[in-house]
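Student: Take this structure first; my questions come after.
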């Protein structure tokens, strides 16, 4: 019976060692995660308060860079009918303009929004499903919208057009 008692003790000892092993693994994982988070925090905040790390010592240079940064100006969605052979389909498109107008983008573009929306609406209604179903057609439409907006808005204020929603149903 001494052998069976020793085997019973060994079997009871095995679950205890796996429980201890799981605790040690859990602690090791937490310590490693803490080290990684600390290192990332230190690395990301390393040059945050130093103007030299951002590319300049002069406040005017930083303000000029902020003013020159493009601003995205969203338009309300357009919903128009387009032809697909004999059938009619709906096109829902949401546009955003990348502008160089800075923070005053709303005041600069506001007087031109109605004529721009009108021109874009007329352009969209001239399209058919076949023209818009592939990437080349969408890129052509983007270029046409940019050309229309550039004619109507003040010179150089609109630099790019983004489609943020494009659904044909």
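In our numbering, the protein residues as written are 974 to 1142.
C-beta: ideal position from N, C-alpha, C; glycine also.
Alpha carbon to alpha carbon, how far is residue 1124 from residue 1095? Give it in angstroms, no decimals.
Tutor: 15 Å
Student: Can you tell me which of 1059, 1134, 1107 and 1011 puts its alpha carbon nearest to the alpha carbon of residue 1048?
Tutor: 1134
Student: Tell me whether residue 1138 sits in a helix, a strand or coil according to DSSP, three-state version.
Tutor: strand
Student: According to DSSP, is residue 1104 part of a helix, a strand, or is it coil?
Tutor: Residue 1104 carries a helical assignment under DSSP once its states are collapsed to helix, strand and coil.
Student: Where does residue 1067 fall in DSSP's three states?
Tutor: The three-state secondary structure of residue 1067, taken from DSSP, is strand.
Student: Do the region 1090-1104 and the region 1056-1072 meet, that is, are 3 or more Cβ pairs less than 8 Å apart?
Tutor: Of all C-beta pairs linking the region 1090-1104 to the region 1056-1072, three or more are shorter than 8 Å, placing the two stretches in contact.
Student: Here's the rule: buried if 16 or more other CB atoms are within 10 angstroms of the residue's CB, otherwise exposed. What is residue 1070?
Tutor: buried
Student: Compute the Euclidean distance between the alpha carbons of residue 1005 and residue 1017, then round it to the nearest angstrom.
Tutor: 18 Å
Student: Given this structure, state the Cα-to-Cα distance separating residue 1021 from residue 1014, to the nearest angstrom.
Tutor: In this prediction, residue 1021 scores a pLDDT of 49, lower than 50, which makes its location untrustworthy; no coordinate-derived value is stated.
Student: Classify residue 1127 as helix, strand or coil using the three-state DSSP reduction.
Tutor: coil
Student: Compare the beta carbon distance of residue 1129 and residue 1073 with 8 Å and say whether it is the shorter of the two.
Tutor: Yes, these two residues count as a Cβ contact at 8 Å.
Student: Determine the closest residue to residue 1117 out of 1093, 1002, 1061 and 1067, with distance taken between C-alpha atoms.
Tutor: Ranking 1093, 1002, 1061 and 1067 by Cα distance to residue 1117 puts 1093 first.
Student: What is the DSSP secondary structure of residue 1056, counted as helix, strand or coil?
Tutor: Three-state DSSP puts residue 1056 in a strand.
Student: So, with DSSP's three-state summary, where would you put residue 1080?
Tutor: helix
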